[in-house]
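Residue numbers for the sequence shown follow the UniProt record's numbering, so the first one is 1 and each next one is one higher. Built from N, CA and C at the ideal position, the CB exists for glycine as well.
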Amino acid sequence: KIRKMTFLGNWQKTTKSLQERFTHLLGKELMADMVFLVGPNEIRIPGHRLVLSVNSHEFFNVLYHLRPDRMELRIEDVSVGVFMRFLEYCYTGHVHMEMDKVFDVLKLAMRFEMRHLEGVCVNFVARQLKSENCLRFLNKSWKLNCLRLIHKCQEHLAENFCDVLSNNRLSADFPELPHGAVKWIVELETLQCDEKSLFEAVMLWARRECIRTGMPVGPQNMRTALGDTIYQIRFPTMTTQEFAECTKKYPELLSADEMTKITVFGNVPTAKVRFNKNPRLEATFTSLYIDNGIQEVATIRRITKGHRVYDDHNRHGIRLTSSRRINVFGFGIIAKEGKSIYGKCSLWDAEFCFQFPDVKPDIRRKLWENYEIIYVIFKNPLTLESSTPYELSFFNCANVCCVEEIVRETVRKEEITFRFEKFQDFAAIPALLYRILA
Numbered sequence: 001k002i003r004k005m006t007f008l009g010n011w012q013k014t015t016k017s018l019q020e021r022f023t024h025l026l027g028k029e030l031m032a033d034m035v036f037l038v039g040p041n042e043i044r045i046p047g048h049r050l051v052l053s054v055n056s057h058e059f060f061n062v063l064y065h066l067r068p069d070r071m072e073l074r075i076e077d078v079s080v081g082v083f084m085r086f087l088e089y090c091y092t093g094h095v096h097m098e099m100d101k102v103f104d105v106l107k108l109a110m111r112f113e114m115r116h117l118e119g120v121c122v123n124f125v126a127r128q129l130k131s132e133n134c135l136r137f138l139n140k141s142w143k144l145n146c147l148r149l150i151h152k153c154q155e156h157l158a159e160n161f162c163d164v165l166s167n168n169r170l171s172a173d174f175p176e177l178p179h180g181a182v183k184w185i186v187e188l189e190t191l192q193c194d195e196k197s198l199f200e201a202v203m204l205w206a207r208r209e210c211i212r213t214g215m216p217v218g219p220q221n222m223r224t225a226l227g228d229t230i231y232q233i234r235f236p237t238m239t240t241q242e243f244a245e246c247t248k249k250y251p252e253l254l255s256a257d258e259m260t261k262i263t264v265f266g267n268v269p270t271a272k273v274r275f276n277k278n279p280r281l282e283a284t285f286t287s288l289y290i291d292n293g294i295q296e297v298a299t300i301r302r303i304t305k306g307h308r309v310y311d312d313h314n315r316h317g318i319r320l321t322s323s324r325r326i327n328v329f330g331f332g333i334i335a336k337e338g339k340s341i342y343g344k345c346s347l348w349d350a351e352f353c354f355q356f357p358d359v360k361p362d363i364r365r366k367l368w369e370n371y372e373i374i375y376v377i378f379k380n381p382l383t384l385e386s387s388t389p390y391e392l393s394f395f396n397c398a399n400v401c402c403v404e405e406i407v408r409e410t411v412r413k414e415e416i417t418f419r420f421e422k423f424q425d426f427a428a429i430p431a432l433l434y435r436i437l438a
């Protein structure tokens with residue numbers, strides 16, 4: 001005869017869903033066939049190999065190779081509270097996440113190769129990202145080598161780095177970053193900030209690194225701490241005054257030969273210089289209201305604060321080729337702050353030509369002192385095929401400023417490359433709104 005185990009209660013009958021039934025097993029001895037020893041005090045938490053192995057192949061490999069007389073697994077570097085949140089997800093598919101526990105839960109998710117839980121953690125952190133915590137989140141993500149979360153931090157930094165640099169947490173958070181993270185930031189093509197402000201943040205890190213390693217704090221030792229990262233500081237894109245302020249504040253950081261070459265580059269853009277001389281792209285995404293909905297489109301800017309702007313010019317143009325098939329939603333031009341603009345535009349290649357009637361700007365963005373970048377939005381986006389040259393022109397216009405012709409001729413941005421050429425005697429169109437098509 002089979003004797004009923006009535007002392008356990010008929011919980012299977014009273015629970016309404018599979019999730020509730022597994023929740024009933026969470027942390028209980030009932031049907032447990034292994035034990036976790038959690039934290040420095042080795043708190044015993046029962047586990048069920050089948051449930052855990054369904055969540056993680058890593059659990060399967062470990063738990064089904066334990067000795068029958070030693071069914072224990074140590075988890076030493078997390079608290080019991082964190083581990084119970086982790087188990088909560090394993091048993092129920094849901095987890096009550098909190099900011100003070102999410103990175104430890106993420107660490108466990110990555111250790112046991114639970115991509116689904118990793119995604120839950122990444123999305124939770126991404127929703128909390130702000131300029132005042134982005135560097136701290138990047139620091140933790142970098143130490144965990146969580147590429148998905150690093151990418152989320154990159155997206156925020158690219159658009160909000162000015163706010164990050166002006167935040168009162170900067171002096172505490174930036175110097176705590178690993179060297180690799182600092183180099184990664186400095187190498188980013190898309191950062192919405194001026195180069196001098198980025199340079200000052202990097203020098204905060206170099207000062208702290210000298211202290212950490214026991215070197216006397218000084219420009220030469222700070223350069224030693226930076227290593228090759230120094231060459232990604234884009235001194236050639238600074239204004240003459242900005243560069244002079246940097247070299248005055250940190251004498252002997254650069255050699256006399258380096259300073260001479262950077263100064264010459266300001267007047268002769270073809271001069272050779274070892275430092276990265278490409279202006280950063282200052283914006284990444286813009287929200288547009290298109291077809292009764294909001295769309296996020298990417299923005300390319302080919303200019304920086306170091307470019308000179310001249311008065312009105314009535315013809316602006318650009319010849320471009322893209323490595324990917326794209327939709328173009330509009331373009332950006334520069335005007336003095338508060339000025340109204342108007343004009344006509346056309347787009348053509350060898351097979352077709354579109355000419356648009358008078359266009360009106362839809363979006364204005366502060367560029368730098370006394371100037372705005374104004375985005376002219378097409379009524380309908382235009383599809384440009386890959387590897388096909390197109391000419392975009394804006395003519396018969398007024399109140400549109402001209403940018404000097406030191407603009408980037410090749411722009412590489414994540415998965416796409418743009419090539420630009422001079423367009424007759426037209427002034428350069430400095431910005432483009434686009435979206436990559438499948």
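Apply the 10 Å Cβ neighbour rule to Asp-425 and answer buried if 16 or more other Cβ atoms are within range, or exposed otherwise. So Asp-425 counts as exposed.
For Tyr-434, tell me which candidate among Phe-420, Thr-410, Ser-322 has the shortest Cα-Cα distance. Ser-322
9 angstroms Cβ cutoff met for Leu-177 and Met-222: No, the Cβ-Cβ distance between Leu-177 and Met-222 is not below 9 angstroms.
Compute the Euclidean distance between the alpha carbons of Val-125 and Pro-175, then round it to the nearest angstrom. Distance between the alpha carbons of Val-125 and Pro-175 is about 22 angstroms.
Have a look at Ile-436, Ile-318, Arg-111 and flag the residue whose alpha-carbon is nearest the alpha-carbon of Pro-381. Ile-436
I'd like the span of the alpha helix (DSSP H) that includes Pro-430, first residue to last. Going by DSSP, Pro-430 is part of no alpha helix (DSSP H) at all; its letter is neither H nor E.
Does the distance from the C-beta atom of Ser-393 to that of Ser-346 stay below 9 angstroms? yes
Going straight from the alpha carbon of Ser-166 to that of Leu-63, what length do you get? Note on geometry: alpha-carbon atoms of Ser-166 and Leu-63 lie some 50 angstroms from one another.
Quick one: is Val-78 buried, meaning 16 or more other Cβ sit within 10 Å of its Cβ, or exposed? Buried.
Inter-residue spacing [alpha-carbon to alpha-carbon] between Cys-90 and Met-71: In this structure, the CA atom of Cys-90 is about 19 angstroms from the CA atom of Met-71.
Spatially closest choice to Ile-333 from Phe-103, Phe-418, Ala-427, by CA coordinates: Ala-427
When burial is assigned at 16 or more other CB atoms within 10 Å of the CB, is Ala-256 buried or exposed? Counting every other CB atom within 10 Å of its CB across the protein chains shown gives Ala-256 a total below 16, marking it as exposed.
In whole angstroms, what is the alpha-carbon distance linking Lys-140 and Ile-262? 36 angstroms
Confirm, please, whether the CB-CB distance from Cys-146 to Met-110 is below 9 angstroms. yes
Option in Phe-378, Leu-117, Glu-159 with minimal Cα separation from Val-328: Phe-378
By Cβ distance, which residues of its chain are closer than 8 angstroms to Leu-204, with the 5 residues on each side in sequence left out? Cβ within range, chain order: Leu-170, Ser-171, Phe-174, Pro-175.
Please list the terminal residues of the continuous alpha helix (DSSP H) segment that includes Val-317. Here residue 317 is Gly; the residue named in the question, Val, does not match the sequence. First-last for Gly-317: 315 to 322, but that is the beta strand (DSSP E), not the alpha helix (DSSP H).
Could you give the distance in angstroms between the alpha-carbon of Pro-236 and the alpha-carbon of Thr-247? 13 angstroms
Tell me which residues share the same chain as Phe-161 and place their Cβ nearer than 7 angstroms to its Cβ, disregarding the 5 neighbours each side in the sequence. Leu-191, Gln-192, Cys-193
Alpha carbon to alpha carbon, what distance is there between Ile-429 and Glu-391? 11 angstroms
In chain order, which beta strand (DSSP E) runs of at least 3 residues are fully inside the segment 213 to 292? Under the rule that a run must span 3 or more residues, the beta strand (DSSP E) segments found entirely inside the segment 213 to 292 read 285 to 290.
Tell whether a beta-carbon distance below 9 angstroms holds between Thr-417 and Arg-325. Taking 9 angstroms as the Cβ cut-off, Thr-417 and Arg-325 do not qualify as a contacting pair.
Selection from Val-95, His-65, Ser-386, Lys-130 that minimises the alpha carbon distance to Glu-118: Of the listed residues, the one whose Cα sits closest to Glu-118 is Val-95.
So, is His-151 buried or exposed, given that buried needs 16 or more other C-beta atoms within 10 angstroms? exposed
From the DSSP output, which residues share a beta bridge with Met-34? Gly-47
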